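*Asks:* Residue numbers (numbering that gives the first Met the number 0), protein chains in the order written: chain A, 0 to 216; chain B, 0 to 216. We put the CB at the ideal spot given by N, CA and C, even for glycine. Predicted model, so just to flag it, every value in this text is computed and none were measured. Submitted below is the structure of interest, expressed as structure tokens.
2 protein chains.
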Amino acid sequence: MRVPVVRDILSANDRIARENRDTFAATRTFVVNLMASPGAGKTSLILATAARLPQDVRPGVVEGDLASRIDADTVAARGIPVVQINTGGNCHLDAPMIRASLGELPLPDIDLLFIENVGNLVCPAEFDLGADLALVVASTPEGHDKPYKYPGMFAAADVVLLNKADVAPVFDFDLDLFRRGVQMVNPGAPLFIVSCKTGAGMDDWVAWLVAECKVER
Amino acid sequence: MRVPVVRDILSANDRIARENRDTFAATRTFVVNLMASPGAGKTSLILATAARLPQDVRPGVVEGDLASRIDADTVAARGIPVVQINTGGNCHLDAPMIRASLGELPLPDIDLLFIENVGNLVCPAEFDLGADLALVVASTPEGHDKPYKYPGMFAAADVVLLNKADVAPVFDFDLDLFRRGVQMVNPGAPLFIVSCKTGAGMDDWVAWLVAECKVER
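Below, the structure is given as structure tokens:
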């Protein structure tokens, strides 16, 4: 008697994430899914990173927001190709939203695509978009306890970045406690400590990102 | 021929929220659903408010977090009755979670119950918990554009509070732009500007809250 083998049926999201991944591979575009709380500095990080990229790593951006085009306008003003997705209340981006937006971007001319997710430390972690790298950004005003309180998000990260390091003393931010929290939920995850405002730590971060980008492509 | 009238079927959440509301009415407990981004200062606000309450307004707290009991321990250390709900990954509190926690609180001895929701500017707005007042807390490090980007949350607020006012200059926070955003999505909503750290603005906020609490009970 033959035993029927039930194939792993991918969810609609994961199936479309795979299609996105194939599209990105075809255009040799390295894709970063950028997740963080509201106001952690996602757009600032994209701009500060883009400004430090070598000539042969051309950036592009997908902006995800519930509403408004504030971030896309900011990015476009720097001459970076960008498309805005308004989720209309949805608390995260999903693979079909990304798929629908890709026609608006010159992907063959984009080496490094940032997808700025909706500001939310919970829901975005659960949706594969087809990205190569999951980047979680925390910021010192949020407090050093975030990895303990939002373990799912920090566990989903391929790399963690702590922004607004310049104002850490103002908020009595305990870096050691934060670092231990990240390591607890995601052992070995690289952690970069930066300030998009002052530029501190940005060179190390960008060097690491560019190396990842070149390996993958 | 009789026309059948279809009764409005409440969802399970709304039905239980109504039960919660009946319970709170029976114990004359005024209930605040406190919603904000991660790290906006929800717990600090609860503590700073509780410290300024008159003797006849006795506080209590329900702490909602994905994981950990950090906030509940902080509140308990001040001698305030508290129960911690761990949502186990869920991005918001719901009415059944509140219902299940109420047995752990001395409700007849609590005049003002703060429900600290999961840090999230999206999902919690959609779930009625049975509270009397929806309080949305923003903080200056998050930036002045939040009402424009997260209109659903600010529209759901009965009152908006802007915390960390003391560090507004550090973050180039444009109060006028923030205020206009709040008024755009929620015309007439009261807005209090405070710093839990310095105490600035707290007396006005607490006087308003106590008055609301006494009217409702």
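Quick check on the burial criterion: 16 or more other C-beta atoms within 10 angstroms. Buried or exposed for A:Val-74?
*Replies:* The residue given as residue 74 of chain A occupies position 75 in the first sequence. Counting Cβ neighbours within 10 Å, A:Val-74 comes out buried, since at least 16 surround it.
*Asks:* What residues are listed by DSSP as bridge partners for B:Asn-85?
*Replies:* Position 86 of the second sequence, counted from the first residue, corresponds to residue 85 of chain B. B:Asn-85 is bridged to B:Asp-64.
*Asks:* Just to confirm the assignment, what range does the beta strand (DSSP E) spanning A:Leu-176 have?
*Replies:* In the first sequence, residue 176 of chain A corresponds to position 177, counting from 1. Here A:Leu-176 belongs to no beta strand (DSSP E); instead the alpha helix (DSSP H) covers 174-184.
*Asks:* Buried or exposed for B:Ala-11, going by 16 or more other Cβ atoms inside 10 Å?
*Replies:* Taking the second sequence and counting its residues from 1, one reaches residue 11 of chain B at position 12. Looking at its Cβ environment, which holds fewer than 16 other Cβ atoms inside 10 Å, B:Ala-11 is exposed.
*Asks:* Who are the near neighbours of B:Pro-37 in its chain, counting only those whose CB is closer than 7 Å to its CB and skipping five residues on each side?
*Replies:* By one-based count along the second sequence, residue 37 of chain B stands at place 38. Cβ neighbours of B:Pro-37 beyond the five flanking positions: Gly-118.
*Asks:* Can you tell me whether A:Glu-103 is buried or exposed? The criterion is at least 16 other CB atoms within 10 Å of its CB, across all chains shown.
*Replies:* Position 104 of the first sequence, counting from 1, holds the residue named residue 103 of chain A. Counting Cβ neighbours within 10 Å, A:Glu-103 comes out exposed, since fewer than 16 surround it.
*Asks:* Quick check: is the beta carbon of A:Ile-79 nearer than 9 Å to any beta carbon in chain B?
*Replies:* One-based indexing of the first sequence puts residue 79 of chain A at position 80. Taking Cβ atoms only, chain B never reaches closer than 9 Å to A:Ile-79, which makes this a no.
*Asks:* Name the residues in the stretch 134-146 of chain A whose C-beta lies less than 8 Å from a C-beta of chain B; which are they?
*Replies:* Answer set for the stretch 134-146 of chain A: Ser-138, Pro-140, Glu-141, Gly-142, Asp-144 and Lys-145.
*Asks:* Compute the Euclidean distance between the alpha carbons of B:Leu-128 and A:Ile-192, then round it to the nearest angstrom.
*Replies:* The residue labelled residue 128 of chain B in the question sits at position 129 within the second sequence. The residue labelled residue 192 of chain A in the question sits at position 193 within the first sequence. Distance between the alpha carbons of B:Leu-128 and A:Ile-192 is about 38 Å.
*Asks:* Please go through the same chain and pick out, in chain order, the residues whose beta-carbon is closer than 6 Å to the beta-carbon of B:Gly-59, but skip the five residues on each side of it.
*Replies:* Within the second sequence, numbered from 1, the residue matching residue 59 of chain B stands at position 60. So the list reads Pro-80, Leu-104, Ile-109 and Leu-112, once near-sequence residues are dropped.
*Asks:* Indicate whether at least one CB of chain A lies closer than 9 Å to the CB of B:Ser-67.
*Replies:* For the purposes of this step, residue 67 of chain B is taken as the residue at position 68 of the second sequence. With 9 Å as the cut-off, B:Ser-67 counts as an interface residue toward chain A.
*Asks:* Is there contact here, the stretch 151-169 of chain A with the stretch 181-191 of chain A, by at least three beta-carbon pairs under 8 Å?
*Replies:* The stretch 151-169 of chain A, when compared against the stretch 181-191 of chain A, does touch it at the 8 Å Cβ threshold.
*Asks:* Listing by chain order, which chain B residues have their CB less than 9 Å from the CB of A:Gly-118?
*Replies:* Here residue 118 of chain A corresponds to residue number 119 of the first sequence, with the count starting at 1. What A:Gly-118 touches in chain B: Ser-36, Leu-120, Val-121, Glu-141, Lys-145, Lys-148 and Tyr-149.
*Asks:* Since B:Asn-12 is in the alpha helix (DSSP H), which residue starts that stretch and which ends it?
*Replies:* The residue labelled residue 12 of chain B in the question sits at position 13 within the second sequence. 11-25 is the span of the alpha helix (DSSP H), which, as asked, contains B:Asn-12.
*Asks:* Alpha carbon to alpha carbon, how far is B:Lys-41 from A:Val-169? Give it in angstroms, no decimals.
*Replies:* On the first sequence, residue 169 of chain A is found 170 positions in, with the first residue counted as 1. On the second sequence, residue 41 of chain B is found 42 positions in, with the first residue counted as 1. In a straight line, the C-alpha of A:Val-169 is about 18 Å away from that of B:Lys-41.
*Asks:* Would you give the residue range spanned by the alpha helix (DSSP H) that A:Ile-45 belongs to?
*Replies:* Indexing the first sequence from 1 puts residue 45 of chain A at position 46. Run containing A:Ile-45: 41-49, per the alpha helix (DSSP H) assignment.
*Asks:* For B:Phe-23, which residues in the same chain have their Cβ closer than 6 Å to its Cβ, ignoring the five residues on either side in sequence?
*Replies:* Looking up residue 23 of chain B in the second sequence gives position 24. Answer for B:Phe-23: Val-30, listed in chain order.
*Asks:* Cα-Cα, which of B:Glu-141, B:Lys-213 and B:Ile-15 is closest to B:Leu-174?
*Replies:* For this step, residue 174 of chain B is matched to residue 175 along the second sequence. Nearest of B:Glu-141, B:Lys-213 and B:Ile-15 to B:Leu-174, Cα basis: B:Glu-141.
*Asks:* Go ahead and pull the three-state DSSP assignment for A:Pro-140.
*Replies:* Within the first sequence, numbered from 1, the residue matching residue 140 of chain A stands at position 141. Looking at A:Pro-140 - three-state DSSP - the assignment turns out to be helix.
*Asks:* Over what stretch of residues does the alpha helix (DSSP H) that includes B:Leu-208 continue unbroken?
*Replies:* Here residue 208 of chain B refers to the residue found at position 209 when the second sequence is read from its first residue. Its alpha helix (DSSP H) spans residues 201-215.
*Asks:* Which of the three DSSP states is assigned to B:Val-31 in this structure?
*Replies:* Within the second sequence, residue 31 of chain B is the residue found at index 32, counting from 1. Looking at B:Val-31 - three-state DSSP - the assignment turns out to be strand.
*Asks:* Let me know the secondary structure DSSP gives B:Val-193 once reduced to three states.
*Replies:* For the purposes of this step, residue 193 of chain B is taken as residue 194 along the second sequence, with counting starting at 1. Three-state DSSP puts B:Val-193 in coil, outside helix and strand.
*Asks:* How long is the line joining the alpha carbons of B:Leu-33 and A:Gly-63, rounded to whole angstroms?
*Replies:* Along the second sequence, read from residue 1 onward, the residue named residue 33 of chain B stands at position 34. Along the first sequence, read from residue 1 onward, the residue named residue 63 of chain A stands at position 64. Their Cα atoms are separated by approximately 25 Å.
*Asks:* What's the call for A:Ala-25, buried or exposed, on a 16-neighbour Cβ count within 10 Å?
*Replies:* Translated into positions along the first sequence, residue 25 of chain A becomes position 26. So A:Ala-25 ends up on the exposed side.
*Asks:* Note down the Cα distance separating B:Asp-93 from B:Asn-85, rounded to an integer number of angstroms.
*Replies:* Residue 93 of chain B sits at position 94 when you count from the first residue of the second sequence. Residue 85 of chain B sits at position 86 when you count from the first residue of the second sequence. Distance between the alpha carbons of B:Asp-93 and B:Asn-85 is about 12 Å.
*Asks:* Quick one: using the 10 Å Cβ neighbour count with 16 as the cut-off for buried, is A:Gly-78 buried or exposed?
*Replies:* Translated into the one-based positions of the first sequence, residue 78 of chain A becomes position 79. Counting Cβ neighbours within 10 Å, A:Gly-78 comes out exposed, since fewer than 16 surround it.
*Asks:* So what does DSSP say about A:Phe-153, is it helix, strand or coil?
*Replies:* For the purposes of this step, residue 153 of chain A is taken as the residue at position 154 of the first sequence. Helix, per DSSP.
*Asks:* If you draw a straight line from the C-alpha of B:Glu-217 to the C-alpha of B:Glu-115, how long is it?
*Replies:* Since the first and last residues shown for chain B are 0 and 216, residue 217 of chain B lies out of range.
*Asks:* Name the residue from B:Asp-202, B:Val-214 and B:Asn-19 whose alpha carbon lies nearest to the alpha carbon of B:Ser-52.
*Replies:* Along the second sequence, one-based indexing puts residue 52 of chain B at 53. Here the sequence assigns Leu to residue 52 of chain B, which means Ser is not the residue at that position. Checking every option, the nearest Cα to that of B:Leu-52 belongs to B:Asp-202.
*Asks:* Of all the CB atoms in chain B, is at least one closer than 9 Å to the CB of A:Gly-129?
*Replies:* For this step, residue 129 of chain A is matched to residue 130 along the first sequence. False, the Cβ-Cβ gap to chain B never drops below 9 Å.
*Asks:* Mind checking if A:Asp-175 is an interface residue toward chain B, Cβ cutoff 9 Å exclusive?
*Replies:* Taking the first sequence and counting its residues from 1, one reaches residue 175 of chain A at position 176. Output row for A:Asp-175: interface = no.
*Asks:* Using a Cβ-Cβ cut-off of 9 Å, state whether A:Asp-64 counts as contacting chain B.
*Replies:* Translated into positions along the first sequence, residue 64 of chain A becomes position 65. Chain B, which has a Cβ nearer than 9 Å to the Cβ of A:Asp-64, makes this yes.
*Asks:* Could you pull out every unbroken beta strand (DSSP E) segment of at least 3 residues lying fully inside the stretch 89-131 of chain A, listed in chain order?
*Replies:* Here the runs fully enclosed are 111-115.
*Asks:* May I ask which residues mark the beginning and end of the beta strand (DSSP E) holding B:Val-159?
*Replies:* Along the second sequence, one-based indexing puts residue 159 of chain B at 160. Start and end: 158-162.
*Asks:* Assuming contact is defined by CB atoms lying nearer than 9 Å, are A:Ala-35 and A:Ser-194 in contact in what I supplied?
*Replies:* By 1-based counting over the first sequence, the position of residue 35 of chain A is 36. By 1-based counting over the first sequence, the position of residue 194 of chain A is 195. No, they are not a contact pair.
*Asks:* If we ignore side chains and look at the alpha-carbon of each, how far apart do A:Ala-66 and A:Asp-171 end up?
*Replies:* Within the first sequence, the letter at position 67 stands for residue 66 of chain A. Within the first sequence, the letter at position 172 stands for residue 171 of chain A. Taking the straight line joining both Cα atoms gives about 33 Å.
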